[in-house]
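Notes follow once the structure below has been shown.
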Amino acid sequence: MAHIKLLNEELPGIVGLLNYRPETGKVLTDLAEILLRGPSSLTSGEREIIAASVSYWNKCHFCHTSHAAAAAAHLNSGLALIDDIKAGLPNTPVSDKLRALLHIAHQVQGNGKNVTEADIEAARAEGATDIEIHDTVLIAAAFCMYNRYVDGLGTWAPGPNEAYAEMGERMAHVGYGKF
Amino acid sequence: MFRPETAGPLNALVQTLLHDPHPTLSAGDRELIATYVSGLNNCKYCTTIHGAIAKHQLGDDGELVKQVRNDPESAPISAKLKALLKIAAKVQSGGKNVSDADVAFARAEGATDIEIHDTVLIAAAFYMFNRYVDGLDTWQPDDDELYDKMGEQRAREGYLTKPFKVDRTEQTV
Numbered sequence: 022m023a024h025i026k027l028l029n030e031e032l033p034g035i036v037g038l039l040n041y042r043p044e045t046g047k048v049l050t051d052l053a054e055i056l057l058r059g060p061s062s063l064t065s066g067e068r069e070i071i072a073a074s075v076s077y078w079n080k081c082h083f084c085h086t087s088h089a090a091a092a093a094a095h096l097n098s099g100l101a102l103i104d105d106i107k108a109g110l111p112n113t114p115v116s117d118k119l120r121a122l123l124h125i126a127h128q129v130q131g132n133g134k135n136v137t138e139a140d141i142e143a144a145r146a147e148g149a150t151d152i153e154i155h156d157t158v159l160i161a162a163a164f165c166m167y168n169r170y171v172d173g174l175g176t177w178a179p180g181p182n183e184a185y186a187e188m189g190e191r192m193a194h195v196g197y198g199k200f
Numbered sequence: 005m006f007r008p009e010t011a012g013p014l015n016a017l018v019q020t021l022l023h024d025p026h027p028t029l030s031a032g033d034r035e036l037i038a039t040y041v042s043g044l045n046n047c048k049y050c051t052t053i054h055g056a057i058a059k060h061q062l063g064d065d066g067e068l069v070k071q072v073r074n075d076p077e078s079a080p081i082s083a084k085l086k087a088l089l090k091i092a093a094k095v096q097s098g099g100k101n102v103s104d105a106d107v108a109f110a111r112a113e114g115a116t117d118i119e120i121h122d123t124v125l126i127a128a129a130f131y132m133f134n135r136y137v138d139g140l141d142t143w144q145p146d147d148d149e150l151y152d153k154m155g156e157q158r159a160r161e162g163y164l165t166k167p168f169k170v171d172r173t174e175q176t177v
């Protein structure tokens with residue numbers, strides 16, 4: 022059970038929190054919608070992989086599994102992607118640019134100050150633009166927030182990967198704040 | 005502005021969390037939580053600017069802000085706010101570190117569920133803002149008077165108005 026009395030205790034993870042406090046729920050879903058589904062030269066699948074990876078590094082089961090399921094829905098890859106993200110994507114075709122951006126995201130997850138000039142240069146050498154680097158840093162930072170929000174209030178989360186399939190489809194194809 | 009698409013929701017988030025009127029926790033309390041967490045994250049820009057905003061929200065009491073930054077336990081703030089700052093510190097160190105006992109303690113000091121919720125979200129949001137600012141290695145002024153002026157503006161106007169122009173050539177870094 023969550024640390025606070027939610028209005029609907031059946032809603033998992035962040036969903037119960039967004040419902041509990043609509044004033045903040047609205048801005049949090051607007052941010053997710055822009056970051057993950059807004060106009061960008063990174064595909065939504067790539068951005069969801071960044072979000073899911075950061076959430077996994079932060080050990081946030083709900084955010085990792087739901088955003089990995091959303092990535093799977095965008096990429097039509099099947100739910101095996103959820104575990105592949107945990108392993109560092111050995112079985113998923115991922116561009117060298119995305120790998121360089123994932124490294125930057127990992128540095129941000131450790132601490133913003135860990136991002137080095139060399140990390141940025143490596144991403145640029147793989148073709149990453151300044152906006153893509155900006156968005157990667159912001160997605161990584163934002164998921165550090167969502168993960169702490171979800172875990173800091175002790176929300177419940179479904180266990181098995183399969184329980185997230187439908188949620189991932191809706192996140193990918195309907196959007197955030199729209200269901 | 006480098007990325008207006010994302011600036012919109014980020015400004016809306018900080019406006020909602022820190023500036024909009026709420027039935028509980030004053031804007032000053034909220035800015036103190038933001039300042040304290042930014043200090044724990046060693047984010048100089050966020051600590052200084054939100055410290056300046058907190059000062060102006062708290063009747064120009066810069067000494068109080070300094071005391072909270074250094075040691076909330078001995079600062080002259082309510083027992084409830086001390087308990088909420090403990091929760092904020094737990095969130096900063098990792099969401100799962102917030103224990104039932106931390107929450108029960110805050111409740112015993114009079115914190116409501118919404119105050120606990122908002123504290124966790126402010127702490128989490130500043131964990132984001134701190135990483136965003138430092139992850140892109142942004143330019144930061146090194147001028148206390150300038151931060152004070154910016155803080156006064158934000159305390160009065162909130163986060164949705166244009167910043168005044170800063171002449172970077174006058175700054176010494």
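Here the protein sequences line up with chains F and Z, keeping their order.
Sequential numbering of the first sequence, starting at 22, is according to the working numbering.
Sequential numbering of the second sequence, starting at 5, is according to the working numbering.
All C-beta atoms, glycine included, are put in the ideal place defined by N, C-alpha and C.
Residue-level contact to chain F via CB, residue i, 8 Å cutoff
i: Z/VAL69; result: no
i: Z/PRO27; result: no
i: Z/VAL177; result: With a pLDDT of 42 at Z/VAL177, under the threshold of 50, the predicted position of this residue should be treated as unreliable, and no value is reported.
i: Z/LEU164; result: no
i: Z/ASP117; result: yes
i: Z/PHE6; result: yes
i: Z/TYR136; result: yes
i: Z/LEU125; result: yes
i: Z/VAL41; result: no
i: Z/VAL170; result: no
i: Z/VAL72; result: no
Chain Z within 8 Å of residue i, Cβ atoms only
i: F/ILE152; result: yes
i: F/SER74; result: no
i: F/GLU44; result: yes
i: F/ILE70; result: no
i: F/ALA101; result: no
i: F/HIS82; result: no
i: F/PHE200; result: Legend: pLDDT at F/PHE200 = 47, less than 50; position of this residue unreliable, no value from coordinates given.
i: F/TYR77; result: no
i: F/LYS201; result: It is not possible to answer for residue 201 of chain F, since the shown part of chain F is limited to 22 through 200.
i: F/ALA162; result: yes
i: F/LEU159; result: yes
i: F/VAL129; result: yes
Proximal residues of chain Z, C-beta to C-beta of residue i below 7 Å
i: F/ALA149; result: Within 7 Å Cβ-Cβ: nothing; F/ALA149 doesn't reach chain Z, min ~13 Å.
i: F/VAL36; result: Within chain Z, no residue comes near F/VAL36; the closest Cβ sits about 14 Å away, beyond 7 Å.
i: F/MET201; result: An answer regarding residue 201 of chain F cannot be provided, because it is not within the stretch 22 to 200 covered by chain F.
i: F/HIS155; result: PHE6, ARG7, LEU140
i: F/ASP172; result: GLY99, LYS100
i: F/GLY59; result: GLU9
Beta-carbon gap between residue i and residue j smaller than 8 Å
i: Z/VAL69; j: Z/ALA127; result: no
i: F/ASP105; j: F/THR113; result: yes
i: Z/ASN134; j: Z/ASN45; result: yes
i: F/LEU52; j: Z/PRO13; result: yes
i: F/SER62; j: F/TYR185; result: no
i: Z/LEU36; j: Z/VAL72; result: yes
i: F/ILE125; j: F/VAL115; result: no
i: Z/LYS84; j: Z/ALA38; result: no
i: Z/LEU29; j: F/THR45; result: no
i: F/ALA73; j: F/ALA89; result: yes
i: Z/ILE91; j: Z/ALA110; result: yes
i: Z/LYS48; j: Z/GLN144; result: yes
i: Z/TYR136; j: F/VAL158; result: yes
i: F/GLU54; j: F/TYR197; result: yes
Beta-carbon neighbours of residue i, restricted to chain Z and to distances below 8 Å
i: F/ILE55; result: GLU9, THR10, GLY12, PRO13
i: F/VAL115; result: Near F/VAL115 there are no residues of chain Z at all, since even the closest Cβ is about 21 Å away, more than 8 Å.
i: F/TYR41; result: HIS121
Top-ranked residue by Cα proximity to residue i, from the options
i: F/GLY148; options: F/ARG120, F/HIS24, F/GLY133, F/GLY175; result: F/ARG120
i: Z/CYS50; options: Z/ASP24, Z/LYS166, Z/GLY155; result: Z/GLY155
i: F/LEU28; options: Z/ASP33, Z/GLN96, Z/ASP117, Z/VAL18; result: Z/ASP117
i: F/VAL195; options: F/SER98, F/HIS82, F/THR50, F/HIS24; result: F/THR50
i: F/LYS216; options: Z/ARG34, Z/GLN19, Z/ASP33; result: Because residue 216 of chain F is not part of the residues shown, which for chain F are 22 to 200, the question remains open.
i: F/PRO179; options: F/ALA144, F/GLU54, F/CYS81; result: F/CYS81
i: F/ASN79; options: Z/PRO76, Z/THR52, Z/GLY99, Z/SER78; result: Z/GLY99
i: F/PRO60; options: F/ALA162, F/ARG191, F/ILE152, F/GLU183; result: F/ILE152
i: F/GLU138; options: Z/ASP141, Z/LEU89, Z/GLU161, Z/LEU62; result: Z/ASP141
i: F/LEU96; options: F/LEU110, F/THR64, F/MET166, F/SER76; result: F/THR64
i: Z/GLY162; options: Z/PHE6, Z/GLU9, Z/PRO25, Z/ALA129; result: Z/PRO25
Beta-carbon neighbours of residue i, restricted to chain F and to distances below 7 Å
i: Z/ILE120; result: HIS24, ILE25
i: Z/VAL95; result: ARG169, GLY173
Contacts that residue i makes with chain F (C-beta to C-beta distance below 9 Å)
i: Z/LEU85; result: Per Cβ cutoff of 9 Å: no residues; Z/LEU85 is ~17 Å from chain F at best.
i: Z/ALA16; result: LYS47, VAL48, ASP51, LEU52
Residues that residue i contacts on chain F, provided the C-beta gap is smaller than 8 Å
i: Z/LEU21; result: THR45
Residue i: CB within 7 Å of a non-hydrogen atom of the ligand PLP
i: F/HIS95; result: What this structure holds is no ligand at all, so the ligand PLP is not there to describe.
Review point. Taking the runs of the alpha helix (DSSP H) that are 4 residues or longer, which of them lie wholly in the region 118-174 of chain Z?
Key: Runs found: 148-161.
For this session: Counting only runs of 3+ residues fully inside the region 77-165 of chain F, write out the beta strand (DSSP E) ranges in chain order.
Result: As summarised for the region 77-165 of chain F, there are no continuous beta strand (DSSP E) elements at least 3 residues long confined to that stretch.
Q.
So within the region 7-54 of chain Z, which uninterrupted alpha helix (DSSP H) runs reach at least 4 residues, ignoring any that extend past its ends?
A. You should have 8-18, 31-44.
- [ ] Could you pull out every unbroken alpha helix (DSSP H) segment of at least 4 residues lying fully inside the region 77-121 of chain Z, listed in chain order?
- [x] As summarised for the region 77-121 of chain Z, the continuous alpha helix (DSSP H) elements at least 4 residues long and confined to that stretch are 83-97, 104-112, given in chain order.
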